[in-house]
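Below you'll find the structure, written out as structure tokens, and then a few comments.
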Amino acid sequence: MVMATKTPTAAGISLTSVTLEVTDLATADTFYRAFGVDAYVRLQASEAPSTGFRGFTVALTVAQPGTVDAFFDAAVGAGATVLKSPSKSFWGYAGVVQAPDGTIWKIATSAKKDTGPATRTVDEVVLLLGVEDVKATKQCYVGQGLTVAKSFGGKYVEFAPGRHGLVKLALYKRTALAKDLGVAADGSGSHRVVLGGATDGFTDLDGFVWEAAPTAATP
């Protein structure tokens with residue numbers, strides 16, 4: 012287990028950026044532009060070894076099933092691998108794809124039927140980390156300055172977003188997340204994602220790396 016490596020800062024922090032580490036920058040950039048989610052993630056080159064489940068997903072919440080299909084089809088058309096075809100469930104309608112760089116994306120809606128034409132509008136984006144101990148990781152993050160917005164015991168935690176953050180942060184049990192995504196929970200090596208926030212930088216209990224947020228320019 013990797014312990015947090017930095018002491019918390021005095022000021023509260025929040026997730027301000029999500030950087031995906033990819034082997035081929037050009038291919039990844041082309042894919043995410045075609046998928047329509049390039050505004051939500053940054054890209055940086057990395058050759059860090061990574062096998063199996065990387066322990067996270069980026070989840071898009073949209074308004075209706077037709078919009079799920081629109082994003083899903085765009086991703087597959089741009090080269091994504093289908094992990095779960097869009098289908099109805101008790102919770103709504105969702106599909107799961109894996110980008111060419113290995114990142115897993117879930118597109119979902121709580122709506123059961125369309126109420127209008129399909130769009131390419133995203134209502135919410137959540138970076139969902141699959142962790143071994145949700146309660147322990149929550150305490151680690153609270154100690155670093157994050158604020159809990161929702162908490163359901165040791166099952167799920169959601170943190171308050173920052174004013175300028177486009178992506179929310181949430182925690183889920185690793186095995187449960189892998190099952191929901193349709194993949195095996197085993198994995199090793201780099202998570203291939205870096206979280207940005209108003210902090211000096213730290214590594215959490217599951218090895219997810221946070222880096223300092225860029226300093227705002229002075230007028």
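Residue numbering for the sequence shown follows our numbering, starting at 12 and increasing by one per position.
Cβ coordinates follow ideal geometry from the N, Cα and C atoms, glycine included.
Note that the coordinates shown come from a computational prediction; the quantities given were computed from them, not determined experimentally.
Beta bridge counterpart(s) of T214 as assigned by DSSP
V220
Which residue's Cα is closest to the Cα of E135: G200, T126, T78?
T78
Under three-state DSSP, which class holds A228?
Residue placement at A228 is poorly supported in this model, since its pLDDT is 39, which falls under 50; the coordinates still yield a value, given next. Coil at A228, not helix or strand.
Among residues of its own chain, excluding the 5 on either side of A91, which ones have a beta-carbon nearer than 8 Å to its beta-carbon?
F42, F46, V108, Q109, A110, P111, W116
Using only the alpha-carbon positions, how far apart do T27 and D125 sit?
32 Å
Put L180 into one of helix, strand or coil per three-state DSSP.
strand
Cutoff 7 Å; reference V33; Cβ partners in own chain excluding five residues on either side:
A39, L54, A56, S57, D112
Assess, as a yes-or-no matter, whether the stretch 200-207 is touched by the stretch 153-161 under the definition of 3 or more beta carbon pairs within less than 8 Å.
no
Going by C-alpha distance, which of K179, A105, A147 is nearest K123?
A105
Can you pull the DSSP bridge partners for E58?
Beta-bridge pairing links E58 to no other residue.
According to DSSP, simplified to helix, strand and coil, what is A15?
Note on A15: pLDDT 40, under 50, position unreliable in the model; the coordinate value appears next. It is coil, neither helix nor strand.
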